[in-house]
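Chains as they are written, first to last, in numbering that gives the first Met the number 0: chain A, 0 to 532; chain B, 0 to 360. Just so it is clear, CB atoms sit at the ideal spot from N, CA and C, and this is done for glycine as well. Before any comments, here is the structure.
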Amino acid sequence: MLAFSGKPAWSVLWLSLPTVVPLLVVLGSWFNPQPEVWAHLNEFVLPAVIKNSLLMALGVALMVGVLGVGLAWLTAVCEFPGRRWFAWALVLPLALPGYVLASVMVGLFDFSGPVQTALRAWLGPVTLPPIRSMTGAVIVFGLVLYPYVYLLARQAFITQGKRSLEAAQTLGMPRWLAFFRVALPMSRPWWAAGITLALMEMLADFGTVAIFNVDTFTTAIYKAWLALFNLPVASQLASLLAFAVLLLVWLEQRAIAQRRYAASTIDARMERLQLTGYSAWGASAVCAVVLLLAFLIPLFQLTVWSLAVIRHDWDARYWGFIGHSLMLSSLSALVVVAMGLWLSYSQRQHPGPITRWCVRISTLGYALPGMLLSVGLFIPIAWLDRQLYPLWQGWGIDPAPVLKGTLLVMLLALAARFLAVGFEPMQAAMQRITTNQQQAAQSLGLGRWQVLQKLYLPLLRSGWLGASLLVFVEVMKEMPITLMTRPFGWDTLAVRVYEMSAEGMWDRAALPSLCIVLVGLLPVLLLIRKTER
Amino acid sequence: MQGEPITQQHMHALELCGLTLGYPSVSGMQVVLSDISLTLAPGEIACLLGPSGCGKTTALRAIAGFHPLQSGRIHLMQQEVGNERHQVPPEQRNIGMVFQDYALFPHLSVADNIGFGLYRRSQRERDQRIAQMLDLVGLREYASKAPHQLSGGQQQRVALARALAPQPALLLMDEPFSNLDVTLRERLALEVRDLLKQTGTTAVIVTHDQLEAFAVADRIAVLAEGRLQQWGTPMQLYHRPANRFVAGFIGEGMMLPGQLGEDGQIHTELGVFKPDTLPAGVTHGSQLDLLVRPDDIQHDDASRLQARVLAKAFRGAQFLYTLALPSGTQLLSLVPSHHDHAIGEAIGIRLELDHQVCFAA
């Protein structure tokens with residue numbers, strides 16, 4: 000498995016297949032044009048889908064930008080009551096998948112939900128604007144995705160310190176203006192990358208937009224596949240999505256390339272701007288409101304609903320949902336960690352442009368929507384099944400599709416999607432092992448395999464433990480891939496949430512949601528512990 | 000404070016009165032500097048010199064308005080800008096500051112960095128001033144470059160030009176040469192001095208390096224142990240140190256023990272000397288220490304005073320010998336390097352004191 004020559008690690012090429020194949024398949028789908036379906040799509044579907052996607056991207060970018068940068072600024076640079084506490088608590092919404100917050104919000108604010116019912120009882124016949132709208136979706140995306148921007152912007156503000164602000168002040172510029180003229184542009188490579196990440200998540204999302212009834216690319220692909228049974232159209236739609244996503248990847252990489260750390264040492268005694276009076280309490284109030292809306296109220300509501308339904312809803316099927324979720328998450332974690340180890344070890348042993356490109360392509364999956372990966376992997380696997388069909392017949396085995404209905408497609412798609420998540424902690428751990436350490440081991444007479452076994456695996460422990468936890472949780476939260484490629488009847492917690500939400504039974508969606516959120520809190524707490532140290 | 004003013008002007012560019020600074024700590028305020036008073040005339044360059052951790056940077060930040068005062072007052076151009084209750088914010092003090100790490104804005108070009116403080120001026124005025132400053136620091140061809148494309152010395156000049164562009168009443172520089180190559184420092188210090196003199200800028204420069212301070216400053220404030228030890232010209236600090244700390248901190252030197260005789264002279268192993276001034280409270284018969292610099296001890300083979308070589312350090316043109324007198328007292332001596340003596344050898348020496356500075360033992 001491991002090539003130890005000075006040549007590039009060709010074996011790594013295999014690892015990029017789960018990302019390259021789906022991309023080629025969806026792009027290649029245009030060789031099979033579907034004019035009559037596209038006439039319909041052009042007239043009825045695409046205009047709305049494109050308009051919705053653009054508007055939503057604009058709204059989400061604005062909302063995560065303002066929330067993420069604003070909150071990061073407050074907690075990184077200012078001092079106000081509760082700041083230390085808010086600094087980490089504001090990361091907590093990361094534990095909520097968009098579709099969970101969406102189902103809670105709709106359940107709360109729908110016409111028959113508790114909020115409107117209370118308002119009617121109190122004020123007479125009033126109606127709020129419908130929550131199941133694009134505005135609702137933008138708000139939900141904003142609340143669950145702002146931590147991406149928050150974490151990166153905070154890192155920028157902390158590493159850049161207060162020095163540049165002070166420089167601006169000595170040049171006669173008041174502080175509030177210096178924020179816009181210095182701090183904001185200087186940290187742009189960080190928060191811009193955060194916004195592109197948030198937009199990738201938004202484009203990949205299926206559950207949230209399905210709940211809010213907003214037509215986007217993912218819902219269109221879903222319908223083309225499961226309602227029209229037209230795979231070519233589904234993958235042609237997915238190819239449009241691919242362009243949008245690759246554009247975002249390009250923007251993100253450009254932002255990262257522009258990062259320049261100020262050469263300054265971080266002043267340990269960095270004094271924060273002391274907010275006083277109204278501005279101090281205002282800052283606390285803003286943080287508290289965001290935290291309430293994005294985390295505490297949803298969590299509370301989920302608990303209330305779960306307790307109400309657990310008596311008659313909890314049955315043997317639940318063990319199935321949980322078991323499937325656990326099994327899928329563990330298997331994916333295992334696959335991803337193995338791939339990540341292979342990738343980072345190959346990169347260590349065979350550095351060079353080819354390996355670097357392989358790594359880049361293999362880890363591109365974080366940007367590729369699950370819907371795209373599902374379609375792009377399902378098509379070639381189904382084709383493979385058809386090729387194998389006569390072979391099975393020849394051997395006298397029951398000629399059923401062998402690969403299509405198994406976990407294979409799902410696992411491949413999940414591995415492609417979350418390889419970056421698993422690769423990064425592994426890579427970080429790998430970078431702490433010096434080449435001299437490896438050479439020291441080799442000079443003591445250890446062979447390559449022994450070096451891997453005795454040096455790398457133990458030293459990488461924190462890396463693969465972190466990686467498997469992250470992948471485990473991501474897979475548990477993941478919806479579109481599981482929904483599209485699961486074997487028949489193979490339901491997970493996320494699928495259960497989708498099915499209950501689809502029928503408007505928000506309270507019954509709460510129990511699986513709560514399970515997902517509680518598991519999802521694990522890596523967030525780990526992340527908080529790491530960043531606060 | 001001792002020392003005559005260099006320029007006879009009544010106007011003060013900067014005046015510190017009883018400045019006391021501290022940091023909040025678990026057990027109340029921890030004072031880092033107390034009761035600092037000094038005045039600086041327009042156009043003068045002052046250095047705050049002291050060992051690391053002496054509070055010199057804190058003093059600079061207090062003058063800039065970034066650090067609150069515990070007590071005392073700061074006047075800039077005859078206007079009070081800070082006391083223990085009220086502080087004028089930095090942006091309203093009309094100061095310029097060059098930070099230790101320069102704090103250039105990485106998202107702006109060299110020209111835009113220099114023009115940053117002119118944001119209220121018209122575009123034309125700003126462009127004019129930027130061009131002027133670029134010429135002044137000799138970076139005209141770098142105007143559109145990004146800061147990270149410049150060398151350390153060039154970055155420093157951009158930082159200086161940026162701080163000087165709005166014509167501040169006072170320029171503050173925090174360890175301006177510490178990020179530069181050691182061999183460049185003294186030359187750059189002289190260049191900075193020329194530039195400040197050329198523009199008539201009043202400046203306060205923080206440094207821990209006395210050679211830098213000597214190269215750049217008109218007046219030096221030696222800060223240590225939370226106090227202003229001495230405020231004077233470089234010559235005064237070297238030749239008339241106000242106390243043992245300054246004597247030890249500035250330049251090299253050793254103490255030669257002696258006794259104050261009835262005749263008012265100091266009797267030592269190396270002869271009798273008339274002190275310039277006497278420390279307070281000494282009477283006839285008191286033990287005194289006389290400051291002896293390495294250049295005060297001449298090598299003289301004809302001398303009947305003999306000292307043994309304990310150690311030697313080759314410094315190119317000279318040897319720095321550590322010598323032991325018969326009594327065991329150690330002294331330093333700078334000797335031209337063609338006088339190469341072995342360790343343990345006895346050599347003849349002669350004491351030639353221009354300044355007789357003594358301290359109570």
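- When beta bridges are read from the DSSP output, Asp-173(B) appears opposite Val-205(B).
- In this structure, the alpha-carbon of Phe-178(A) lies about 13 Å from that of Ala-75(A).
- The beta carbon of Pro-184(A) sits closer than 9 Å to some beta carbon of chain B.
- Only those residues of the stretch 277-288 of chain A whose C-beta falls short of 9 Å from the nearest C-beta of chain B would be listed, and there are none.
- At least one CB of chain A lies nearer than 9 Å to the CB of Glu-90(B).
- A distance below 8 Å between beta-carbons, with the five flanking residues on each side excluded, links Ile-321(A) to the following residues of its chain, in chain order: Leu-492, Cys-514.
- Counting along the chain, no beta strand (DSSP E) covers Ala-182(A), and no H or E run does either.
- DSSP, reduced to helix, strand and coil, places Ala-466(A) within a helical segment of the structure shown.
- Looking at the DSSP output, Ala-223(B) shares a beta bridge with Arg-226(B).
- A residue is called buried once 16 or more other Cβ atoms fall within 10 Å of its Cβ, and Gly-284(B), having fewer, is exposed.
- At a cut-off of 9 Å between beta-carbon atoms, Val-76(A) makes no contact with chain B.
- Under the criterion of beta carbons closer than 8 Å, Ile-204(B) and Met-254(B) do not qualify as touching, at roughly 30 Å.
- Residues are counted here when their Cβ sits less than 7 Å from a Cβ of chain A; for the stretch 105-127 of chain B these are Pro-105, His-106, Phe-115, Gly-116, Tyr-118, given in chain order.
- Identification of residues in the stretch 54-82 of chain B having a C-beta nearer than 9 Å to some C-beta of chain A yields Arg-60, Ala-63, Gly-64, Phe-65, His-66, given in sequence order.
- According to DSSP, residue pairing for Ile-35(B) in a beta bridge involves Leu-18(B).
- Contact between the stretch 162-173 of chain A and the stretch 92-102 of chain B is present: three or more C-beta pairs spanning the two stretches fall below 8 Å.
- Counting C-beta atoms within 10 angstroms of its own C-beta, His-349(A) has 16 or more neighbours from the protein chains shown and is therefore classed as buried.
- If you check each beta-carbon in the stretch 148-171 of chain A against every beta-carbon of chain B, the ones closer than 8 Å belong to Arg-162, Ser-163, Glu-165, Ala-166, Ala-167, Gln-168, Thr-169, Leu-170, Gly-171.
- Interface with chain B (9 Å Cβ-Cβ cutoff): Pro-173(A) is included.
- Under a 10 Å Cβ-count criterion, Gly-252(B) is classified as buried, with 16 or more other Cβ atoms of the shown protein chains found around its own Cβ.
- Annotation: the continuous alpha helix (DSSP H) that includes Gly-276(A) extends over 276-290.
- Within chain B, the C-beta atoms nearer than 7 Å to that of Val-181(A) come from Phe-104, in chain order.
- Close partners of Ile-94(B) in chain A (Cβ separation under 7 Å): Thr-169.
- Using a C-beta cut-off of 8 Å, the stretch 39-47 of chain A makes no contact with the stretch 121-139 of chain A, since fewer than three inter-stretch Cβ pairs fall below that distance.
- Within its own chain, the residues whose Cβ lies closer than 7 Å to the Cβ of Ser-331(A), once the five positions on either side in sequence are excluded, are Leu-410, Leu-413, Ala-414, Phe-417, Val-470, Val-474, listed in chain order.
- In the structure shown, the three-state DSSP call for Arg-271(A) is coil.
- Assignment of Cys-77(A) by DSSP, reduced to helix, strand and coil, places it in the strand class.
- As DSSP reads the structure, Phe-313(B) sits in a beta bridge with Phe-318(B).
- Taking a Cβ-Cβ threshold of 7 Å, none of the residues of chain A is close to Asp-180(B); the smallest such distance is about 15 Å.
- For the set Gln-86(B), Arg-119(B), Leu-210(B), the Cα lying nearest the Cα of Thr-182(B) is the one of Leu-210(B).
- DSSP places Ser-442(A) inside the alpha helix (DSSP H), whose first and last residues are 434-442.
- In chain order, Ser-238 place their CB closer than 6 Å to the CB of Leu-26(A), counting only its own chain and leaving out the 5 sequence neighbours on each side.
- Ile-130(A) carries a coil assignment under DSSP once its states are collapsed to helix, strand and coil.
- In this structure the stretch 274-287 of chain A lies against the stretch 67-84 of chain A, because at least three pairs of beta carbons, one per stretch, are closer than 8 Å.
- Burial check for Trp-189(A): the Cβ neighbour count within 10 Å reaches 16 or more, so the residue is buried.
- The beta-carbon of Pro-165(B) is placed less than 9 Å from the nearest beta-carbon of chain A.
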